[in-house]
Amino acid sequence: GNSVTQMEGPVTLSEEAFLTINCTYTATGYPSLFWYVQYPGEGLQLLLKATKADDKGSNKGFEATYRKETTSFHLEKGSVQVSDSAVYFCAPLLSSNFGNEKLTFGTGTRLTIIP
Amino acid sequence: EAQVTQNPRYLITVTGKKLTVTCSQNMNHEYMSWYRQDPGLGLRQIYYSMNVEVTDKGDVPEGYKVSRKEKRNFPLILESPSPNQTSLYFCASTARANSPYEQYFGPGTRLTVT
């Protein structure tokens, strides 16, 4: 069935380090793919998206590329900052058992950046 | 300011005492949904609504009810709360009912049932 697998955390990095958070999914077809971010004490907000194969979503220095061959959508950032400390959720738009589409959230990866 | 509001933000209650968590959005969005967030499980959808008077079960609807009498409001009702409903709850909305991806989330309601 449809599912999403996300790298488990927590992840702790030093400021200016390179970040990768892995995300893979299983689905029929080619779903739209999203990353959401949850800052401390807040609700989730959309970080970036990609709607077709080879698309690259980007925002706030983060990037993720839609890889249909590996069914992956890994999140990357070249130089993280303390303000990037948050929980990150991979969320493909998957078809439910009833045929409608809905976001299926991964378990979330908590990222902490140390100055 | 476009936003989704939830009330209360924090609630401690006892088993069996009915409660309602309110959700309101000011963006005229069609689609609204409720999620619960639990450690190691991510977000799981409880109920969703495609429009006024149209609601349907999500992945974990047991023990919850919802209503959508007006477009802006989507309250979550726990008729007889139990300790396993202790969780962080989020309401979300999006403009297009047939493309529920760019969701706007409320700030969350932390519920503790003792």
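Those protein sequence lines, which keep their order, are chains A and S.
Everything in the first sequence is counted per this note's numbering, starting at 1 for the first residue and increasing by one.
Everything in the second sequence is counted per this note's numbering, starting at 1001 for the first residue and increasing by one.
Positions of the beta carbon are idealized from the N, C-alpha and C atoms, including for glycine.
{"Check": "Identify which residue in 31/A, 30/A, 46/A, 24/A has its Cα closest to the Cα of residue 70/A.", "Outcome": "24/A"}
{"Check": "Can you give me the start and stop residues for the beta strand (DSSP E) that residue 1004/S sits inside?", "Outcome": "1004-1007"}
{"Check": "With DSSP as the reference, label residue 55/A as helix, strand or coil.", "Outcome": "coil"}
{"Check": "Quick one: Cα of residue 1003/S to Cα of residue 1056/S, how far?", "Outcome": "23 Å"}
{"Check": "Identify, in the order they occur along the chain, each residue of the same chain with its Cβ nearer than 7 Å to the Cβ of residue 68/A, setting aside the five sequence neighbours on each side.", "Outcome": "30, 53"}
{"Check": "Which residues in the same chain have their Cβ closer than 6 Å to the Cβ of residue 1043/S, if we skip the five residues on either side of it in sequence?", "Outcome": "1035, 1037"}
{"Check": "How about residue 1107/S: is its C-beta nearer than 7 Å to some C-beta of chain A?", "Outcome": "yes"}
{"Check": "DSSP puts residue 1066/S in a beta bridge; with which residues?", "Outcome": "1076/S"}
{"Check": "By the DSSP assignment, the beta strand (DSSP E) with residue 68/A in it spans what residues?", "Outcome": "Run containing residue 68/A: none; DSSP gives neither H nor E here."}
{"Check": "Are residue 38/A and residue 87/A touching if we call contact CB-CB under 7 Å?", "Outcome": "yes"}
{"Check": "Buried or exposed: where does residue 12/A fall if 16 or more other Cβ atoms within 10 Å of its Cβ makes it buried?", "Outcome": "exposed"}
{"Check": "Going by C-alpha distance, which of 1094/S, 1110/S, 1076/S, 1105/S is nearest residue 1018/S?", "Outcome": "1076/S"}
{"Check": "With a threshold of 7 Å between beta-carbons, can residue 29/A be considered close to chain S, or not?", "Outcome": "no"}
{"Check": "Please report the residue range of the beta strand (DSSP E) in which residue 1056/S lies.", "Outcome": "1054-1057"}
{"Check": "Quick one: give me the first and last residue of the beta strand (DSSP E) that residue 1092/S is part of.", "Outcome": "1087-1094"}
{"Check": "For residue 85/A, which three-state DSSP category applies?", "Outcome": "coil"}
{"Check": "Report the residue from 1050/S, 1110/S, 1108/S whose alpha carbon sits nearest the alpha carbon of residue 1028/S.", "Outcome": "1050/S"}
{"Check": "Got a sec? Which residues, its chain only, sit under 8 Å from residue 56/A by beta carbon, not counting five neighbours each side?", "Outcome": "50, 63, 64, 65, 66"}
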